[in-house]
Amino acid sequence: MDLDLDLDPDPGLGASHPPADTGPTPSGGIISGSGITVTVADLPRSVAFYRDMLGFHEIDGGDNNAVLASGNTRLVLWATPDVTPVNRRVTHLNLDVADVQAAYRQLRANGVRFTSEPRVVNRGARVEQWAAAFKDPDGHGIALTEWRDRTD
1 MDLDLDLDPD PGLGASHPPA DTGPTPSGGI ISGSGITVTV ADLPRSVAFY RDMLGFHEID
61 GGDNNAVLAS GNTRLVLWAT PDVTPVNRRV THLNLDVADV QAAYRQLRAN GVRFTSEPRV
121 VNRGARVEQW AAAFKDPDGH GIALTEWRDR TD
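See below:
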């Protein structure tokens with residue numbers, strides 16, 4: 001199926017980032033990472049939070065934005081000075097980690113203030129999702145998440 005989408009991204013945005021792995025994901029799908037855009041009120045403050053507290057790397061930016069990366073995840077912080085809880089576009093962001101307990105300990109050591117410790121937040125017949133939650137400087141809810149096979 002051919003899709004003719006009129007998408008004209010800014011050719012300079014993200015041009016210097018390392019290429020993401022384009023091979024199949026472990027589940028066999030074609031998606032190998034994620035890209036998220038988050039509106040923020042204070043770009044330097046938010047860059048510092050995601051870089052210094054969460055370990056993202058700034059790979060590009062422009063007048064009103066910054067592009068950060070961690071693993072196969074790309075995060076665009078878009079400066080919107082009048083951003084409020086009402087007009088934010090993202091209400092919750094899940095960041096997958098290999099070990100939620102270890103990531104929780106590391107980020108607490110970095111100064112992240114968690115609103116919840118690692119715990120099971122979703123349980124299916126075969127897998128369960130663990131999460132630890134906190135907020136960024138603009139109040140976006142963020143959860144470190146890990147999927148585990150159920151052992152019971």
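Everything in the sequence shown is counted per full-length UniProt numbering, starting at 1 for the first residue and increasing by one. Built from N, CA and C at the ideal position, the CB exists for glycine as well.
Membership of A66 in any alpha helix (DSSP H) is not indicated; the residue belongs instead to the beta strand (DSSP E) covering 65-70. A distance below 6 Å between beta-carbons, with the five flanking residues on each side excluded, links G35 to the following residues of its chain, in chain order: R74. The continuous alpha helix (DSSP H) containing V100 extends over residues 100-109. When DSSP reads this structure, S116 sits in a beta bridge with A133.
In the structure shown, V47 adopts helical secondary structure according to DSSP, grouped into three states. The three-state secondary structure of D52, taken from DSSP, is helix. About 7 Å separates the beta carbons of Y50 and L77, which is inside the 8 Å limit, making them a contact pair. Each residue's CA atom was taken as its position, placing V120 and P137 some 25 Å apart. Within the DSSP secondary-structure output, T37 pairs in a beta bridge with V76. G124 is not a Cβ neighbour of A133, given a cutoff of 8 Å.
Around the Cβ of V100, a 10 Å sphere holds 16 or more other Cβ atoms; the residue is buried.
Counting of Cβ neighbours within 10 angstroms places P44 among the exposed residues, the total staying below 16. Judged by DSSP secondary structure, H92 falls within the beta strand (DSSP E) whose first and last residues are 92-96. The distance from the Cβ of A131 to that of T145 is about 5 Å, consistent with a contact at the 8 Å cut-off.
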